[in-house]
C-alpha cells in the first residue's frame, strides 16, 4: 500500500508532528529505524501510537509479528480497540478485528506468556502459578521464620516481611547489588546485608520448590531467557515490530528486555515523556528514555509532540516554567490552540484547616456554576495529606472517592476465591493451600500444614482426600476434598470452575461476615471477569499481573451519589485529566517531600511530580500554600506548629504566571467582651444544676 494511501486511511486527525511519528520508516526495506517519540502531556500520544500500529499493518506488517508493550492491560485493550476502528475504515470488519497485535499487554504478561511457551527449555514447569505482592510477602515471611530471623528481629530490628520483599524487588528490578540497594534506598537495614542475602536465597529456593513465580520473576526470567543467544534470536525473530508505551516508566530490567529484543533498533518504537518520569520508588529509571537515542548507531530518530489538546494556554505557560529549570531533559514547550484562559491560582492559606475549607468552598462554588463534582480533582503528594480535607468534605456532605484505597484482590473473600483456583492449578503452592485449608471450620495452622503437605504429592488431590480429618474439621472436609479434585480434573468447563468454587465458598462467607451479601456480590463480579478469559491459567496470570482497582466500596466510602469529588495522590492521577484541579501542600517538605531531597536526582523527580499534577488541569488550576502545619506528638518538640515555605519549584521569577491570592481575603476581627458591665459566673450556675 502506498504511503499516500496510508495517510488518507489513518492520519486524517493527526497534526504534523504526530504524522511524522506515524509514518517514520514505513516502507524501509530493512524495517523502520529506531524511533523515540517524546510525547508531552496531553499531546495525543495514544492516538499517535494507535495510528502507527494501524499504518504498519496497512503497509503489510503481519499483526502476529507485532509486540505492543504497555503498563496496564486496560491500556493495551484501549490501543487495540483504536487500531481496530482505524483499520475498519479500509478493511472489512472481520479483517480489522483479526488484525489485533498478537502480543499486546504489559511486560509482565508478555513475559509470563513466553515463559510458559519456553518453559521446558528453561528448567521451568509450565504450570507455574504467579504470586501477587501479598502472597510474596507471606512466602518471604515463611522463609524468614524458617531461617530463624525472628530471633534476630527481636534483638536487632530485622526488617519486616514487607520491607524484605521491597528490598528484594528493588535489587532485582534495578539490576543492582544488594549492598548498593541497601546503601541507597534502605540504609537503616544495611547492617543486615549477610542475613538478607541468605534469606533471599532461601526465598528463591522455596519459590522453585513450590513452582511459583513472583511479580519480579516474570521480568527477571524474561531478561535472563534473552541472554541465551539461540533463544534470544528465536524470540526476536518472531517479531518485526516492537512498540513500547510509557517508556519513561520502565526499569533497568525492562530496558534490557527491549534492547535484547531489538539490538539494532530496527522495528523499535518507544513513546514516553521524560518530564513525567515519577516512579523511581518502583525502580523505574528516567535514564532509559534519556539514553535511548544513543543506544544505537546511528542514533535513534526523535520526534517531539508539543501540541497539547488538554489544558488552557495559561496552565501550560505555568507548567512549562516549572519544568524548564530541569538540568537534563528533552527540550519541549507545550502549546495549545485553546484560549489562553485565566492564570492558575497560587493560594496562600493560614493552615491545613483553612486549606480544607478553601477547597471545599471552591468545589461547591464550581458545582453551583455547573461543573460536576467528577470534573474536579484534589491531588496531593502523600495519602495522609488529605486527612483534614476528608473531614471537611464529610462535614459538608460532599461525596468523594479517594484513589489508592483497598484494591479488589486485597479483599479477603476475593483472595479466598482466587486462592482456591490457584491451589487447584498448582497443588505445590503452599501459600494458596495454607490460606484455603484454614477456611474450613475447625482447621488451624497445624492441620492446614498437614493438608498442604498431602496436596503437594501432586496426584490430583487423591492423597489429600484420604486424610483422616480431626473430628472438629470432619464435617466440611469431604466436600472440600471433592471440590479440589473436581477443580484439578477440570470437570466443569471454564469458567464453570469458578462458579463451583464460589458455590462452596458462599455458606462460609454467610457464616463469617455480617456484610455477606456485599461480599457475595464481589464474587459475582469475579465470575463476570473470569468469563472474559479463555482459560483458568490465563485468568490467574492476568489477575495477578493487572488486578481490578477497587472493591465493591469503590476504594472509598460507599457511594449513594452519582456525582462525587476525586481525591488522588499525584502518582495515581498520572494519565488522568479534570476541568478543575487543586494541588494541596505546595510547600517544601511536601513537594518536594522531605524524604526525597537526599540527591539531585530525587529532587528533580519531585519537580516532575509537580509538573504532572499541574498538567492534569484543563481549565482551572489552584496550587495551595499553607503557612503552618500542626505536628502532633514529636518526641523532641511535643505538639507544635511548623512554619512552611512555598515550594522551591515556584521561585519568585515564576510567580508572574500565577494569580496570587490569600484566602480568606479578609477575616473579621474577633468579637471582644465589653470591658465593663455585669459579670456572671456561668460555671457556678452549671454546677448548681446538679446539686
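Numbering (this note's numbering), first residue to last: 18 to 708. Don't be surprised by glycine CBs; every beta carbon is placed ideally from N, CA and C. These numbers come from a predicted model, not from an experiment.
(message) Going by DSSP in three states, residue 39 sits in which element: helix, strand or coil?
(response) helix
(request) Please list, in chain order, all residues of the same chain as residue 207 whose beta carbon is under 7 angstroms from its beta carbon, the five residues on each side excluded. (result) 199 and 200
(message) So, does the stretch 94-101 touch the stretch 352-366, judging by three or more C-beta pairs under 8 angstroms?
(response) no
(request) Round the Cβ separation of residue 387 and residue 51 to the nearest angstrom and send it over; I've been treating them as touching at under 8 angstroms. (result) Not really, about 48 angstroms apart at Cβ, beyond 8 angstroms.
(request) Entirely within the stretch 451-521 and at least 4 residues each: give me those alpha helix (DSSP H) ranges in chain order. (result) Runs found: 462-472, 479-482 and 491-506.
(request) Locate the alpha helix (DSSP H) running through residue 545, then write down its first and last residues. (result) For residue 545, the enclosing alpha helix (DSSP H) has its first and last residue at 533-547.
(request) In the DSSP assignment, find the unbroken alpha helix (DSSP H) run with residue 433 in it and report its ends. (result) 429-442
(request) Look at residue 259 and residue 62 and say whether their C-beta atoms are less than 8 angstroms apart. (result) Not closer than 8 angstroms, so no.
(message) Considering just the uninterrupted stretch of the beta strand (DSSP E) at residue 83, what are its terminal residues?
(response) 83-87
(request) Using the DSSP secondary-structure output, state which residues sit across from residue 623 in a beta bridge. (result) Residue pairing by DSSP places residue 623 opposite no residue, since no beta bridge is assigned to it.
(request) Quick one: grab the DSSP three-state call for residue 697. (result) coil
(request) Over the uninterrupted alpha helix (DSSP H) stretch that includes residue 121, give me the two end residues. (result) Counting along the chain, residue 121 sits inside no alpha helix (DSSP H); it lies in the beta strand (DSSP E) bounded by residues 120-123.
(request) Could you round the C-beta distance between residue 460 and residue 490 to whole angstroms and report it? I think they count as a contact, below 8 angstroms. (result) 5 angstroms
(request) Just list the alpha helix (DSSP H) runs in the stretch 134-208, keeping only unbroken ones of 4 residues or longer that don't cross its boundaries, in chain order. (result) 150-163, 166-173, 178-191 and 195-202
(request) Buried or exposed for residue 414, please, with buried defined as at least 16 other CB atoms from any protein chain shown within 10 angstroms of its CB. (result) exposed
(message) Quick check on the DSSP output: what are the complete alpha helix (DSSP H) runs of length 4 or more inside the stretch 247-279, in order along the chain?
(response) 269-278
(message) Suppose you measure from the CA of residue 404 to the CA of residue 466; what does that come to, to the nearest Å?
(response) 42 angstroms
(message) Among 263, 345 and 274, whose alpha-carbon lies nearest the alpha-carbon of residue 245?
(response) 274
(request) Could you tell me which residues DSSP puts in a beta bridge with residue 318? (result) 52
(request) Return the CA-CA distance between residue 40 and residue 517, expressed in angstroms with no decimal places. (result) The alpha-carbon of residue 40 is positioned some 51 angstroms away from that of residue 517.
(message) Can you give me the C-alpha to C-alpha distance between residue 590 and residue 359, rounded to a whole angstrom?
(response) 23 angstroms
(message) One question on the structure: do residue 92 and residue 262 come within less than 8 angstroms of each other, judged by their Cβ atoms?
(response) yes
(message) I'd like the span of the alpha helix (DSSP H) that includes residue 371, first residue to last.
(response) 369-385
(message) Using 8 angstroms as the threshold, is the C-beta distance between residue 343 and residue 624 below it?
(response) For residue 343 and residue 624, yes; Cβs fall inside 8 angstroms.
(message) Can you find the residues in the same chain that come closer than 8 angstroms, C-beta to C-beta, to residue 180, ignoring five residues on each side of it along the sequence?
(response) 203 and 206
(message) DSSP three-state label for residue 635, please.
(response) When DSSP states are grouped into helix, strand and coil, residue 635 belongs to the strand group.
(message) Using C-beta distances below 8 angstroms, list every residue in its chain close to residue 34, excluding the 5 sequence neighbours before and after it, in chain order.
(response) Cβ neighbours of residue 34 beyond the five flanking positions: 320, 321, 322, 323 and 324.
(request) If I'm right that residue 584 touches residue 418 with Cβ under 8 angstroms, what's the distance once you round it to whole angstroms? (result) 7 angstroms
(request) Indicate whether residue 161 and residue 216 have their beta-carbon atoms separated by less than 8 angstroms. (result) yes
(request) Leaving aside the five residues before and after residue 381 along the sequence, list all residues of the same chain whose C-beta is less than 8 angstroms from its C-beta, in chain order. (result) 413 and 415
(message) DSSP three-state label for residue 397, please.
(response) strand
(request) Assign residue 362 to one of three DSSP states: helix, strand, or coil. (result) strand
(request) Mind checking which residues open and close the beta strand (DSSP E) that includes residue 600? (result) 595-600
(request) Tell me whether the beta-carbon of residue 30 lies closer than 8 angstroms to the beta-carbon of residue 64. (result) yes
(request) Using alpha carbons as the reference points, say which of 556, 327 and 106 lies closest to residue 543. (result) Minimum Cα distance to residue 543 is reached at 556.
(message) Once DSSP output is grouped into helix, strand and coil, what is the label at residue 97?
(response) Three-state DSSP puts residue 97 in a helix.
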